[in-house]
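Let me begin by presenting the structure, written as structure tokens, before commenting on it.
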Amino acid sequence: MLSLKWRPKTFAEVVGQDHVMHTLKNAFKSNLIAQAYMFTGPRGVGKTTTARIISKALNCKQKPAIGCAKCISCNEISEARNLDVIEIDGASNRGIDEIRNIRELIKFPPMNSKYKVIIIDEVHMLTGPAFNALLRTLEEPPPHGKFVMATTDIQKVPMTIISRCQRFDFHRLSTQAIVDQLAKILEMELIEADDESLIAIALKATGSLRDALSTLEQVIAFSDKKITFQLTEKVLGLIPSETFFNVMNYFKEKDSYLMFKELKSIQKSGFPPTDFINGLNEHIRNMIISSNKNGTKLLEVNEELKTKYESSSNLWDVRDLIRISDILDKLILQIKRTPHPDIIIEMALFKILEMDSSIRLDDLIHRIKKTDFSEVSKKEQTTEGNSTKHNLNTLKENVKTNVYKESKVNRGITELGSKSTTPEKQKIEVQDDDKKDIKNISDSNTKDLKELSFDLIQSKWSDFIDYVSIHKPSVGTILDSCTLQDIVKNTLHVLIFDQPRFNYDLLERNKPWISLSLEKIISEPVKIKILYQEKSEKNGTTVNVKSKNKSISKNDKKIVSQIINQFDGELIN
């Protein structure tokens, strides 16, 4: 095996752990050797190998003793023939009896070496009693005894054990460090390989050099000593990067047919569903990194892919990529719990396909600031003026031709007065909309014209409320509880009754926008007039805010009676 054949024999040969090797070499040169060492880190990064190199350095015949890998003692340790270096597996020898045997062995001096070294691999697998039996020996071992322990799960090791050792944390190897080491080994093995294949193997190893060497050995056996990326993809079962670029393009173009066609091709190829989702998520991660300035320098891919990532990332908003990544993260958990992962994946990808683009809050604020609300006011005034002019011309023509009978249009409407008048001092006011007597006007014809316009608004009112609720939910909620009173000169009277004053203020502030919105729904010019009434707290009678504490005067009774008859209502005392 390549991992055994090219196993490091000295501190200088260990790859990717310079911080540990430098400290240990200085310790041996200065004769500052601890009685016990604790190595922790992920698999395949050199913990057990370093433990063996320490045993060589402790017993090396050369000076300075840092493990020459040439003397008899070093060769015996490399070949596992030295009786003074005892290596045990913590998973197989985890009980208290095995630890008691070690305590007895270390009492005896070494036979052919300077130190007796006990190496315990996967020490976290020992039982609690076994750790307790080891405590005293670790704290005060015999002068000729040394302990070196290695673990991949330091959290399971008691602090009483860790505190008696010098701890060294081994890190995952970088992709570039693994690629350089693989290239060095292949050169000595006289095997050709392209850089793209080595990068793919290194990424597959996720920081473990031993895993990378095992994978490389598998690829060599398949490729007949000439490694290409196409062969490496087949051996490792990698999904081509072009697939992920295609899927992201289909998302952007909203092309569901090609997206599902690509997905079916992946399923027929036999790739595990989790591999596809994880690969797509990693692809999105690379796009997010590429969207930053000089971000492609951080990607561990070839130059061709870096260029493609950079151009692809320019087509996307980073927030949309983050949203897609979040959906894929949740999808991984769903796949593990369902017997039909293909259906779950298809639905999730279709959800991404139909997803709308994100809206930036600062852009929205900028658009609002750029909106010229004075134009809205001008449009309202223009509409009001045109409507009034049209009505006057119509009335004059009717008077000239004597088509209508003489009538006087009176409408008693209780409305909010000027802002300078306080609610306590205000009275119920019934305003006469027509200040002049208009003769020869038919009551029946006027009524038909009014009802036609009012019926139109009533039929469209629910659509109007839905439209307002979508764009301004708070305004839509208030309008939904209001009452339509009447139409006077193309002005719709809307009554807001028994509601807080700030609801009325909100409608007044949005009145230009409400008018334009209603025009859009009914396709006719219209003006909105907001009327406000509230309920008396003392006797429950309905009064206007202008006359909260005053009763109806005798002079107004006639007008009130006309209002009751016109609206088919009753007076509540």
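Residues 4 to 576 in this note's numbering are what the sequence shown lists, from first letter to last. Heads up, the beta-carbon is just placed ideally off N, CA and C, and yes, glycines get one too.
Assigned secondary structure, residue i (DSSP; H/G/I helix, E/B strand, else coil)
i, result
"V18", "coil"
"R139", "helix"
"F134", "helix"
"S526", "coil"
"Q502", "coil"
"G263", "Looking at the sequence shown, residue 263 is not Gly but Phe. The answer is helix: DSSP assigns F263 an H, G or I state."
"F173", "coil"
"D359", "coil"
"K207", "helix"
"F274", "coil"
"M4", "coil"
"H496", "strand"
"E256", "helix"
"S554", "Because S554 sits at a pLDDT of 44, beneath the cut-off of 50, its placement in the model cannot be relied upon, and the point is left open."
"D483", "helix"
"Q461", "helix"
"V222", "helix"
"G240", "coil"
"G580", "Nothing can be reported for residue 580: it is not among the residues displayed for the chain, which extend from 4 to 576."
"G282", "helix"
"L129", "coil"
"Q158", "helix"
"K66", "coil"
"L302", "coil"
"L352", "helix"
"A30", "helix"
"Q184", "helix"
"A215", "helix"
Inter-residue CB distance, residue i and residue j (contact presumed, cutoff 8 Å)
i, j, result
"I99", "A136", "5 Å"
"F225", "L356", "Actually they are not in contact, since the Cβ atoms of F225 and L356 sit about 37 Å apart, beyond 8 Å."
"S81", "K12", "6 Å"
"T231", "D197", "6 Å"
"M41", "I165", "6 Å"
"L336", "I347", "Their Cβ separation, rounded to whole angstroms, is 10 Å, which puts L336 and I347 out of contact at 8 Å."
"L534", "L498", "5 Å"
"G210", "L176", "5 Å"
"A39", "R167", "6 Å"
"K354", "I330", "7 Å"
Of the listed residues the options, nearest to residue i (C-alpha basis)
i, options, result
"S268", "R55, E349 and T178", "E349"
"K486", "I223, Q461, L509 and L138", "According to the sequence provided, residue 486 is Thr. The question's Lys does not apply to it. The residue with the shortest Cα to Cα distance from T486 is Q461."
"R46", "R139, T154, G131 and L5", "T154"
"K237", "V222, A196, M251 and F247", "V222"
"I468", "F505, I499, I517 and L241", "I517"
"F14", "C71, L7 and K66", "C71"
"E192", "K8, A83, D466 and M152", "K8"
"E16", "R170, T53 and L138", "T53"
"V48", "F171, G273 and H343", "F171"
"D278", "C77, N289, V491 and L239", "L239"
"L129", "S244, I91, Q179 and F111", "I91"
"T246", "F263, K187 and T235", "F263"
"S360", "E256, S526 and S76", "E256"
"V151", "D227, A203, G282 and G93", "G93"
"S293", "S314, N305 and L519", "S314"
"G479", "L509, F500, T494 and Q158", "L509"
"P528", "D501, N493, P275 and N506", "N493"
Exposure label - residue i; buried when at least 16 CB within 10 Å
i, result
"R512", "exposed"
"G19", "buried"
"V321", "exposed"
"E409", "Legend: pLDDT at E409 = 38, less than 50; position of this residue unreliable, no value from coordinates given."
"M162", "exposed"
"T310", "exposed"
"N29", "exposed"
"L35", "exposed"
"D440", "For D440, the predicted structure reports a pLDDT of 41, less than 50, and the residue's modelled location is therefore unreliable. The matter cannot be settled from this model."
"E125", "buried"
"Y284", "Residue 284 is actually Asn in this sequence, not Tyr. Classification for N284: buried."
"H22", "exposed"
"L108", "exposed"
"A83", "exposed"
"Y260", "exposed"
"R340", "exposed"
"P503", "exposed"
"I325", "exposed"
"P344", "buried"
"T26", "exposed"
Within the region 76–117, ranges of the alpha helix (DSSP H) (whole runs, at least 4 residues): If you keep only unbroken alpha helix (DSSP H) runs of at least 4 residues inside the region 76–117, you get 99–110.
Complete alpha helix (DSSP H) runs within the region 310–349 (minimum length 4 residues, chain order): Runs found: 321–339.
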